[in-house]
Each structure stands twice: as structure tokens, then as C-alpha cells.
Amino acid sequence: MNRKRKYTLCGGAVMVLLLGHLTTALEVPLDLQQPPTITHQSPKDYIIDPRENIVIHCEAKGKPHPSFSWTRNGTHFDVDKDPKVITKPNSGTLIIDTSGEKAEVYEGVYQCTARNQHGTAVSNDIVIRQSKSPLWSKERNEPITVQVGVSLVLHCRPPAGLPPPIIFWMDNNFQRLPQNSRVSQALNGDLYFSNVLIEDTRSDYICYARFPHTQTIQQKQPITVTVLDDRPAGERAPSFMYPSGMNSTTQILRGETLELECIADGLPTPEISWDKESGELPRSRLSFLNFQKSLRISEVTEADGGEYRCMASNHLGSAYHIITVVVKAAPFWISAPRNLILAPEESGMLTCLAGGSPKPTITWSINGNSIENSPNDPRRKIEDNMVILSNVQTGSSAVYQCNASNEFGYLLANAFVSVLAEPPRLLTPPNYVYQVISNRPAMLDCASFGSPLPKISWFKDGQTLLDGEMYLVHENGTLQITAAQPKHSGKYTCVATNNQGSKENHVYLEVKEPTRILQQPEYKVVQRGAKAVFECKVTHDPTLILVMIWLKDKGELPDDDRFVVDSDSLTINNVMEQDEGTYTCIMNTTLDQDSASAMLTVVERPDPPIDLELTDQRERSVQLTWIPGDEHNSPIQVFLIQYEDSLHEPGMWNNLTEVEGTSTTVLLDLSPYVYYSFRVLALNDVGLSEPSLPSSQYRTNPAQPDENPSNVEVAGTEPDNMVISWQELTGLQSNGPGLQYKVSWRRQDVGGDWMSVTVANVSEYIVSDTPTFVPYEVTVQAENNYGPGPKPEVVLGYSGEDRPMVPPESVQMVVQNSTLAEVHWKPIPSSAVRGRMLGYKVRYWKERSLLREDSQPEDPRVLILSGNETEGHLPDLHPYSQYVISVLAFNSKGDGPPSAGQHFETPEGVPGPPAFIRITNSYLDSLTVEWGPPVDDNGRLTGYMLRYQPVNNTEELKELTFLANETSVTLENLKYSTRYMFYFNAMTIKGAGPAITTAITIMDEALIRQPAIEAGKGTEPPSHPVSPVSQSVQPPFYKARPVGPVFGSVNFSLEEDHAILNWEYSGTEKNVFVEYVSDNSKEAWKREFVNGSQTYRLKGLKAGVTYRVRVVAKDHAHVTVHSTDELLIAVPAMTSRQVDIATQGWFIGLMCAIALLILILLIVCFIKRNKGGKYPVKEKEEAHQDPEIQPMKEDDGTFGEYSDTEDHKPLKGSRSPSNGTVKKDDSDDSLVDYGEGGDGQFNEDGSFIGQYSGKKEKDTAEGNESSEAPSPVNAMNSFV
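This is the structure in C-alpha cells:
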């Protein structure tokens, strides 16, 4: 690493490079020889308390440890000769015992010297002075008498103390005198009055002086001030009381605090303002005190010099004063000399740069002696502010002193030059682990010492780190990573090298993720008693421990169980007013922290207003004033004023008016003859306050009414009367006693005189014997004992109504089609209405059907037409029917007479759907369709139309028509195991009506709905033919979907261990389920969801079990809203499908082998029988306990076909039966049913009777057996 020494002259004007060696202030380890260094000393100006011992500090280090000596006032101070002076062991600090001795004896200028064999260091000149708190000089203060309005100055003139005292004014009760822009204390302690008032008269204006070192307070004699007002001073423009004149100058030293003040008199009291003539005021270091009269600038710099103007102004004029500020500077360091470590034969330089105004003088000393008086050394050279050393030798160590001084002070610095040869040593602990937050600077220390000064090199992972944007190596060897990233983590090595050797050290850097608050707490406005939750969610490096701290107003949270701190939130339960404040969430780790704050504002309903006062009381108004209650942090929006009328409604408070929340007074308009009490309520965002206490009662005098009754209405209740009604006046509106109403009326159409009547305590009057429905003019006027109210408004109304007198005429009908007709009529004359015409009513009803003579009339329907409409349409008529119609007018009184009934007929229409469709006699390739005529024929039926085709097939739709008297048809040549869709319509001369549809699969009828076979019993024949592949909900025929239910027909088909269900559904609910349960079982229904389909495969059904099945629709709450009837599905004991193996060679061979085996067994049995033995049938039965031999099952699992018992030949496409069943009868010895024919049996001597037969005699009992040759499998099963 290249290291350079930089030398700067006069603020950096000159740079000197010497031998490529960078000098730096180094700490020499104390185990090495070195000159003394002053480490601690007392301040230059040391003011002591005479009541305490004097301690003058002087501490130094060095090797060998230095010895100490003192000078006092420039001469040697022999501490050993003064018994009151003690030197601390191994230290130069003096402790002077002042007991029994005046401390002022030891006042003077002290300087400490620390020396060893390598050099001498000296301290500053320490000036010891005793603090003083002199007594106030005795004086007699004459009373002061002034006129109102004049200015006044009360002088304090405190005694000079060391340090200066603190001044304040108080009265005899030790209470500070109040100060303001008119009365204030100046910097010198005087009390200034810009103008005096009568209340300034007092006899205890006392100035106090507090001396901080001695902690004593002294007071001046009280001053008496009397203010007269017999010749008051008039108003005047401002003028300055201090400072005087137009200009003044003040001097301040750099770094001190500047205080300027301007105090002006004037009436009215002037206002003071400040500005700077050239430049701006330093806002960051500026403050205004003493009611803008004082300007303070801290840490003064040369830039603060200049002209400051203070301005005093009132409405009569202004005055200003210019203060010129001159900034001087005691010496201050620009570059103080630093200790220099040099190896023999090296060179170096000491630099001493100081600033000040005026410019300081620099002088050098060596080991406490002036360098000019020291022995000449050719290797040392003095140039201006530098001491240049070259080719130093061992033993030339020394301490150099630099002194910079001007008229305002001095600076003294010690810097030693130590000459030694030392190999590098590293002072930073080894293997130290540095942790830093990502994107922040990382500082890896490599503190070292050596002479010559070691060269520092840094390595990471064996690579040298060079200075650049990412890495920076400081003079002291510290490696700085400007913005640490995770990639910078790892092991670093620093190596210190000089000509004496080298040394290395390892440190480690870990870069951590920063702590960040992701969700900051938010400002909360919470009502008292509610809960406030502040959230503070954070992310941080998982390897660092996170500590969360909550503060309230920068302090700890209250010790209260209502405050609950969770991992990422603060909850305050039952919020109170004292909980209001700023809450701060601080997330701390060992390396960083993040914080966020939010305010909590507690709001509540406002407190009720107080101090209600009535002023400006008049006949019809009063001024109400109040003081608002506490708003509780929610501004008052509205004040609600209520009143109580204790004369008319005692105890009842009514709303009178509202005013804005910023108002505290309102002028209230009042009514006569009311005993008022008022109260005020305040409303804010939280709610309405409690009412204030009532005001005093205010009574108004009676007067005539100001208003008449409202809502005057005129209407008749009978054809010969007229009812006049109104809303009565309240007690507040009556304005006086004796309230009554004058009711007047006359006919509008003929004019005439007004008729009137006066009533009281009522709200209506009935005028009798009026003509029916004629117009009247009506007025209602209020009166009381003090006169009538204002002229009333005229209200127009009508007398009572009566029903219309005549029916409409010329009623005509126009039939549009079979379901719609139109009716017309002429309106009745207006004179016949006798009231307000409301409209017409058209009554019509179906009298009979034109097709059936025995039809019954329907209930009448009414079409209401409002106003003067004279035509209407009659919808939803029944085709091919006769109707009756009549029309009448109606008004608010009722219906008029109807017109004479008229008849009209509707033409024929298309019929409704057939009543039902039924599928019967379903065989392998044919079936029978039966149907019933439609319920609504809507005319004369001309026939039926049937269309059908296979489902999901492109075959053309086949169409058949039938006469009206036909009710069934047999369809031939259908395809086996094919699903067909049927469409069936009825027809009239108007065309075909809506179709009824159904679907069916052509399959073997014998395998459907087979009852379970119990042990020892045969099957019972079905009572009626059953569709082999499809059944509907009881009974088994098909109907058109009714209008109400959403489920139509439900069909099913069986295939091996499952059933296929399909149904019709028109509901809106999407949650459709198939539910099923075993018949006669108490188990819960099982449910399977249907995904929007109308077909479902129900799997997992057990053979030989009967199930109850239904389809249901449920709402979103899983409540059943629609359901089909229950459907019984009987699963046969064996449902299988076999291929036709009768023609297979291997099958024929197997049959022959089985037949030969049976023949051998029969011969053996016959021989045993002939020998007298009995055939052991019982033993064979016990060999297998199952009474029913389980059928064999083929893999394809389809149903066998139903065969004709008369035909021994297999039908086309037929297959062998797959169900062979062995049944027991009552005889244990009988072998009947061993063969399939049923005729074969054994006689008594054991001989076999009969033979295998292909004819079947138990078809009704065992309908699932075939008429083909007996199955060898069945025969074999009987012997297993």
C-alpha cells in the first residue's frame, strides 16, 4: 500500500512530500520507551469555590514514568515546602487544603511540567481565581411617580461577581413579576416599561442576584412605583430606550453566543422585528427571546459579522437602530502538531497551523525551553510553522511545544518525536468478527505500531484488495467497504510490514439484512372505552435477535394491564383520555433498528355547555349565550337549542334551532304567550352531549294569532255533505287564550254569499244538505281573545260523491285469435259520473266449451282500465270457448251499473300435450307405445304424431301419424341394446301442440326388477309386464312435466353392479344429488353429487339387494328444496353377460367330459343301490352349507336374453343363461333339480328315472332359465 504524508500550510496552500512516508498521530504502546504526554489538565481559567479544597489537575504518561514540577506566576513552586499542598502519588495533580486559610492566597498562574529521560512536556497556563459574591451596596431608592402612558426604567445595578450573577425581578412574596411585550427585563438586569398602566402601581419591585458558584442570592432594596392618571401621556410613535441613537457597535469572539437587544417605548406598545442588512439571518442557530426584543445567535462564525437592524413600530410610525457586529477570533487549531515516531536515519516534520483574528503568532519550544535558546542541531530546521527533522539518530527523542497566540488568547500543544526501531505489532484483537448491515459502510480495523511505520496490506481469499470505489484503506490501516453487500462476507487478512519484520491478523465480516418495518402503525381516532390496535410488522435478518419496544411520548408504556404487547402489535383496551399521545414502535437488533410512530387521539361526546344567559330581552326575541364544554378532541359541529313551554306543555322539550359549533350565542325568535326555558346540547362526530342546565324562565305577552290552521282539506263522506278539516294550532302557535276557528264556505260555480261558523277545540266541520259533487270555496281562520289571525287562503274542494248513474254504451268485441280479444265502448257522460272518474272495469268469464257440452262456467275475471280509456285487450283466453263480457264505470264512491252481457266465441287452437305416454311389451326388437288424449284439446282433435330415433345417432327421425281415436301402437324392427328418444304430439286443424318426450333402451325384459330368491323358495312371476330396461316413478308410465314441480320423469337401467339413472329437471338450484339406501334399512341415506348432468351412474350396488333411490335438489344451505318420489331398484342375485359359447369346440369337449363323468357317477350309485345301500344325499348336502349355489360370473357382466318357452331353438342373438340355481325341496333323498329338465328322478331302489330334457316346466318360477339344452355348468354345480 502506498502511503503518503501530507503537509498543509495556511489552510492547505502547500503540500510537501518527504521520503514517501506518511506521518500520522500514533499511540506508542506503554511498554516501549517514549517521552511524556500530558493526558489531563485543569482548564485555563479555573474559578474555585473558597469553601472547598483547590484541585489543580496534571496527569501524564511516558516510559519511564515522568516526574512532575510546577511553576507559579512564572517561578518554581516548591510544593514540598507548603504543608497545605499535597501531590497525588504517580501524578502531578495538586490538592491544596484551604481550611484555616483564605483561598485567595493561592490565586495565580500555574503551569505543570512532566519530564523523563526522553523529553519534557508542559501544561497550559492555569489561572486560579476565587469566585466572588459581593454584597449589594447600600442605597436608598426614592419612590417613583409617573403618569399613565409614559415609559419607565427600573435599574438593578447588581454588584460585580465572579462569575457574573443571574438577575431576576420578584415581589415581596417571592413571585416573579409578570413580563410581556410592554414590560420586560434587559440583558443587564434593568426592568423596562414601554408605557406604564395604573396596575403597574406597587411598592415591591425587587431585583435579585443569584451567584451560581456560592449558590447565594442577594436582593436590592424594594422600589416603589406610583402611576397617576391625572395627566396621562398621549399616543406616540416608537423610540428606542436601549440602545440609544441610530447606530451602535458590538464585538464578539468566534464560537461564542451573540446576544443583541432593542427595547423601545411608545403608545400603543411597539412591536419589534429584526433583519440583517447584507445577508440572511442564520435560521438554524437563531432564536428570538424576551418577546422579540432580544436576538441570539449561537456558535458565531466570521460570516455572522455585519449590520443588524431592529425595527420598532406601531400604528403611529416606526423607528429602527443599526447594530454593527464585529467578529474577532482567539487562536484556533487548523492543524495541531502530532506525535512523530521515526526510526534511526529517518526524516520527519512537525506542523503547527492555527487561525485567528488577528492572525496568531507561532513560537516553538523544545522540552519546555524556547527553541532559539536550545543547542543548535544541524538535523533540525525551523521553517515558518514547521519543524523539519532529517536523518535522526537514536537518543534524539524530545517533546516539542507549539504556542499560537494573539490578543484574545493562546493555544499550546505538545508533540513528541520518538526515535526507535521496532518490528510491527498488531493491536486489533485476532479473529474478531465484524457484523454490519447490508448497504452500510463496513470498517475493519487493523491498528498497528512499528518503527519505521508499518505498511498495511489487506487480503481476501488470497487476493489483494486495492483502493477504489469499493474499498478504501485509511491512514491508520482501517479498511473501509463503502457499501457492504452479502458477497463481501468472509475472512479478511491484514499484514503490517516494515524493515524490522511483518505481522498478520485475521478478521471476519458478516453482512446482515437490514431491519425494516413493513407495516407502520397508523393514526388512530378512538372513542373512550373502545379498543385501539397499533400494528408494527417487521422484517429482519433471521440470525439477529429482534427486540420490540413500544414507547408512549418517548417514555415507557404505562404499567397497566390494558396495554397488551404482541409480537407485531400493541393493543390498548378500554381506552381512556390519559392514553392519548404518540406511540412509537422500535424494532432493535444488535446492529440496527427501525422505528415508526403514530398518534392516538381519544374522542368522546362533548361535555354539556354551561352558564346559559339570556340578554337583550324583547317581545318576540331574546339573545341566548353559553360557554361550550370540553370537546374531547372532536370539534363541536352543531349546538342544538331546545325549549320547554311550561304553560302549554310542561316537561316537554322541543327543538327550536341549531347553530354552528363555532358559535356561543344566538338570537332566538319567540312566540307570544309562552313560558320559555332554554337548554343547549353540543354535537360532535361521536354524538350528542348531555343537555345543559336550563336557563332562567322567560315569559312572552299574549297577542293575536300569527298564522291560520294548515292542511285545510275539503271532501264529502256522503252524497249530500261536505267535510272541512284542518290541522289545529298548537299552544305555542295560539299566541293567547280563547283560541277558536272561523270556518267559511260558498259554492264556486254559482257564487253567492259566504256562510260561516265559529268552532273551538275541533279539527273539522261538516256542512250538510249540499248538492252532489259540486265545487266549493272554503277558508279557515284562527282567532283568540286578542283578535283574528291573518287573512286565510281560499281552498277549493267538492261536496260528497255518488256512484255513476249509467253503464257504458256501444260495447263491441273483436276476437284477435284463439287466446286474445279486444273490447271497445263509448264513455259515459260526465254528468252521470257524479264524482271523480277513476276508470272502467271489464268483467268477462268463460261460459262453456264449444267442444264439450258438460263443461262448467269459470269464475269471472276483471280488467281494470284507469281514467277515460275506452278500449282494452283480454289475454289468456281459452281456445274454442264461449265467453260473456260486460263493462261498468267506477269512481271513488264505487261501481256504476254494468252494461248488458255480450257473448263472443274464440276459435280453435293447437292442443296441449298428451296426458301421458306409456311403454309396454318391450322385447328384443319391438315395444308398444300407449298414450292418453290431452287434457286441453283446444278444439277438435284431428290425430296424433309420433317421431322417434336412436339417441346420439345420425339416423333420420322417423314420423308416424294416428287418428284421433287411436291410443296405442306397436313398433317393430328396433335395434337391440339401443336407446331411443320418442316425441309425441296431439293435433287439431290449427296444427300440432307441444310434444311429450321420453327415452328407453331396448333390452331383455326378463332380467329387470327380478325379486330376490330366498332359500328353499322359487321366484314369483311378476303381476304385470315390466319394462326390461327402464322404469318410471310409480306408476310406470310417462307424463308430460307438470307446471309446478321441477323434476319430471325418472328412469333407470341396470348393468352388472351399477344402475344408470336419468331424469328431467327444470329447477335453478345447481346442487343436485342422488340419494340411496337399502330397503328396510335404518341406515342414513347415502348421497352422491351430480355435476350438472341429468344422467348418473350409481356404482357399488350389491347383488340381491333392493335399494330406495331418489334425486334431490338442495339450496346453498344444503336444505332440500325439491325431490323426486322414491324409486325401488332391485339388483338381481346374479347379473352377468356371457358370450355365445355353444358353438365353441373347447366348450363341446368340456361338455362331453362332464357328461362322461356324470354317467360314471350314476353307474356307481346304481351299483351301490343294488347292493342295498342308500345314496348319501344328506352327506352331499352337508358337504356344502350354502343352500344356494352361487352362479358363475363372466367377465363382461351383461344380461342374458329372455327366451320363448315353446321354441327349443335359440333366438337370433341369444346367449346361454348364466344363472344356474340348485334348490332344495322337502325330500332329502330327491335329486330333482340336479338336472335342468326337472322330470329326472331316482326310484325307490336307487335307479335313475328320466333323462335330460330341453323343455322347461318351471318357467314361471325360474324365469331366468333358458329353454336351450341344459347347461353342463349347472349339472356340475349340483355335485360340488
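Each residue of the sequence shown is one higher than the one before, counting from 16 in our numbering.
The beta-carbon is built from N, C-alpha and C at its ideal position, and this holds for glycine as well.
Query	Result
A697 - DSSP class collapsed to helix/strand/coil	strand
Beta-carbon gap between G1006 and V1127 smaller than 7 Å	no
Backbone CA spacing between V70 and I267 [nearest angstrom]	31 Å
Cβ neighbour criterion (16 or more within 10 Å) applied to E824	exposed
Cβ contact check for the stretch 1077 to 1088 and the stretch 1099 to 1111: 3 or more pairs under 8 Å	yes
Three-state secondary structure (DSSP) of E886	strand
Between the CA atoms of F347 and T52 - distance to the nearest angstrom	21 Å
Close beta carbons around Q145, own chain, < 7 Å, minus the five adjacent residues each side	I63, P65, A118, E119, E122
Collapsed DSSP secondary structure at K569 in the structure displayed	coil
Nearest neighbour of V168, chosen from S678, S209, R962 [CA to CA]	S209
H1073 - DSSP class collapsed to helix/strand/coil	strand
Inter-residue spacing [alpha-carbon to alpha-carbon] between N187 and P193	14 Å
Nonlocal neighbours in the same chain, by C-beta distance under 7 Å from L671, ignoring five residues either side	I656, Q657, Y658, L683
For K396, the residue or residues it bridges with in DSSP	I403
Segments assigned beta strand (DSSP E), at least 3 residues, entirely inside the stretch 848 to 874	852 to 864
Runs of alpha helix (DSSP H) wholly within the stretch 1104 to 1143 (minimum 4 residues, chain order)	none
Three-pair Cβ contact test at 8 Å for the stretch 175 to 186 versus the stretch 259 to 273	no
V43 vs N88 beta-carbon contact at 7 Å	no
C-alpha distance - D399 paired with L606, whole-angstrom precision	48 Å
Inter-stretch contact at 8 Å, needing at least 3 Cβ pairs: the stretch 909 to 928 / the stretch 965 to 984	no
Euclidean distance between Cα positions of T885 and A915	16 Å
Whole-angstrom C-beta distance between Q652 and T680, which should lie under 8 Å	Actually they are not in contact, since the Cβ atoms of T680 and Q652 sit about 17 Å apart, beyond 8 Å.
The stretch 682 to 696 touching the stretch 705 to 724, judged by at least three CB pairs closer than 8 Å	yes
Residues that D290 bridges to, as DSSP identifies them	R324
Identity of the residues DSSP links to F83 by a beta bridge	A129
Residues bridged to T284 [DSSP beta-bridge criterion]	Bridge partners of T284: none, in fact.
The stretch 616 to 626 touching the stretch 692 to 712, judged by at least three CB pairs closer than 8 Å	yes
Member of I642, S84, T1013 whose CA lies at the smallest distance from the CA of Y998	T1013
Sub-7 Å separation of E74 and S114 beta-carbons	no
Reduced DSSP category for I1178 - H, G, I as helix; E, B as strand; rest coil	helix
Secondary structure of D631, DSSP reduced to three states	coil
Residue range of the unbroken alpha helix (DSSP H) whose run includes S1096	No alpha helix (DSSP H) contains S1096, which DSSP labels as neither H nor E.
C-alpha gap between W668 and S846, whole angstroms	54 Å
From I642, Y207, D568, C600, residue whose alpha carbon lies closest to that of L533	C600
Cβ neighbours of H663 in the same chain (closer than 6 Å, five flanking residues each side left out)	G746
Separation of R269 from P375, as counted between CA atoms	14 Å
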